[in-house]
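Here the working numbering is used: the first residue of the sequence shown is 11, the next is one more, and so on.
By construction, the Cβ of each residue, glycine as well, lies at the ideal position given by its N, Cα and C atoms.
To start, the structure under review is shown below, and the notes come after it.
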Amino acid sequence: MNKTEFMKQAETLYEELRAWRAAHDEASFDEIAEQVTGQRQKLMGELLRMLAEQNGQGEMLEERNCAACGGVLHYKGKKQREVLHPEGTAALERGYHHCDECGHGVFPPG
């Protein structure tokens with residue numbers, strides 16, 4: 011997703027929330043906040059994914075040594091991982107690196 015698509019998605023979210031509010035004129039502040047939070051988290055999850063992948067997908071690490079044992083990390087291909095965060099859930103496809111010595115895995119950027 012590029013900036014234009016993201017902004018269109020944000021605009022759509024805004025319009026959907028305005029329509030929801032118009033249809034729920036008796037909604038309490040907490041009900042409004044609940045509706046906004048769920049929708050915002052979807053949008054922010056997409057933004058988190060975009061920013062995490064901005065500088066590549068972790069195919070190569072600058073530091074090739076395992077942080078756990080100092081062994082050598084080996085690239086094992088791309089894997090998909092769902093990263094849960096209070097701000098939003100992001101589905102990332104990143105390079106996965108594995109240490110044969112201790113079994114520690116690294117899914118850059120962290």
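Three-way DSSP call (helix, strand, coil) for residue i in this model
i	result
residue 107	strand
residue 83	strand
residue 29	helix
residue 55	helix
residue 21	helix
residue 74	coil
residue 100	strand
residue 66	coil
Residue environment, residue i, which counts as buried when at least 16 other CB atoms sit within 10 Å
i	result
residue 32	exposed
residue 113	exposed
residue 55	buried
Anticipated Cβ contact below 8 Å, residue i with residue j, distance rounded
i	j	result
residue 58	residue 95	7 Å
Cβ contact check for the segment 78-89 and the segment 43-51: 3 or more pairs under 8 Å: Result no; under three Cβ-Cβ pairs closer than 8 Å.
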